[in-house]
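Have a look at the structure below, then the notes.
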Amino acid sequence: MIKKASLLTACSVTAFSAWAQDTSPDTLVVTANRFEQPRSTVLAPTTVVTRQDIDRWQSTSVNDVLRRLPGVDITQNGGSGQLSSIFIRGTNASHVLVLIDGVRLNLAGVSGSADLSQFPIALVQRVEYIRG
1 MIKKASLLTA
11 CSVTAFSAWA
21 QDTSPDTLVV
31 TANRFEQPRS
41 TVLAPTTVVT
51 RQDIDRWQST
61 SVNDVLRRLP
71 GVDITQNGGS
81 GQLSSIFIRG
91 TNASHVLVLI
101 DGVRLNLAGV
111 SGSADLSQFP
121 IALVQRVEYI
131 RG
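Counting in my numbering, the sequence shown runs from 1 upward without gaps.
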């Protein structure tokens, strides 16, 4: 009787531990050193926006996507299609580094800020926002 109870207990513990395992892979991000690493090992706080997020938010521009991120402020001078500036955590727009596929975006204008309003949102597959 004791052996049956021990066997039943061992089987039930094994079933619960197998159920608790997470099988989803960790998201990979590209950091300043330009190689992919798991998001859980990146030291700086990182937010990854996927294409599914962009579609769910019904964003019409890259600026719309960035406005949803914590600590990001977007200003646009003039009407639609004019130069927009990105301010992160209250710093100057010239302190923001914008990379597209690992290549630094040329700066527009005298303000030293990257103009993201010129990129069609349909071409954006993913946005990685690394604070720090």
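In this text, a Cβ means the ideal position worked out from N, Cα and C, and glycines have one as well.
Here D73 carries a strand assignment [DSSP, helix/strand/coil]. For R67, the enclosing alpha helix (DSSP H) covers residues 62 to 67.
Around the beta carbon of L97, fewer than 16 other beta carbons sit within 10 angstroms, so the residue counts as exposed. For a cut-off of 8 Å, the C-beta gap from R51 to Q125 is around 5 Å, short enough to register as a contact.
Judged by beta-carbon spacing, I74 lies within the 8 Å limit of N63, meaning their Cβ atoms are closer than that value. A Cβ-Cβ separation of about 7 Å places P45 in contact with G132 under the 8 Å criterion.
In the three-state reduction of the DSSP assignment, S59 falls in the coil class.
Around the beta carbon of S85, 16 or more other beta carbons sit within 10 angstroms, so the residue counts as buried.
For R131, no beta strand (DSSP E) encloses it, and the DSSP letter there is neither H nor E. Here A114 is buried, its C-beta having at least 16 other C-beta atoms within 10 Å. A distance below 8 Å separates the beta carbons of I88 and V72.
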